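Residue numbers (UniProt numbering): 1 to 83.
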């Protein structure tokens, strides 16, 4: 617990969950649009190696970049929060 009574946030666990979710999102895009990594990279203006690293959970991705990639294939990124 923190001094204010809130639960302590495990930063590494949060990063890992975000990395996992980002990887799942890119894979879902590619599968649903039947795209290769190279095709998604070209459409989104990113390098294929970047797409590969995010999908394989070797690199984090910013929320804004994820939103741009989703938008490049005509999608919308939705977020929600449970308190």
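Don't be surprised by glycine CBs; every beta carbon is placed ideally from N, CA and C. None of these values were measured; they are calculated from a predicted model.
Whole angstroms is fine: what's the gap from residue i's alpha carbon to residue j's?
| i | j | result |
| --- | --- | --- |
| residue 3 | residue 83 | Residue placement at residue 3 is flagged as unreliable, the pLDDT there being 46, under the threshold of 50; a coordinate-derived value is accordingly withheld. |
| residue 58 | residue 19 | 8 Å |
| residue 14 | residue 35 | 29 Å |
| residue 70 | residue 49 | 17 Å |
| residue 45 | residue 23 | 18 Å |
| residue 1 | residue 33 | Because the pLDDT at residue 1 is just 41, under 50, the model does not fix this residue reliably, and the point stays unresolved. |
| residue 81 | residue 11 | 17 Å |
| residue 51 | residue 72 | 14 Å |
Please report the residue range of the alpha helix (DSSP H) in which residue i lies.
| i | result |
| --- | --- |
| residue 53 | 48-55 |
| residue 89 | Within the shown structure, residues of the chain are numbered from 1 to 83, placing residue 89 beyond reach of any answer. |
| residue 71 | 63-72 |
Using the Cβ count rule (16 or more neighbours within 10 Å means buried), how would you classify residue i?
| i | result |
| --- | --- |
| residue 31 | exposed |
Candidates the options: which alpha carbon is nearest residue i's?
| i | options | result |
| --- | --- | --- |
| residue 16 | 68, 61, 65 and 77 | 61 |
| residue 68 | 55, 53 and 43 | 43 |
| residue 74 | 21, 54, 40 and 10 | 40 |
| residue 63 | 28, 9, 79 and 37 | 79 |
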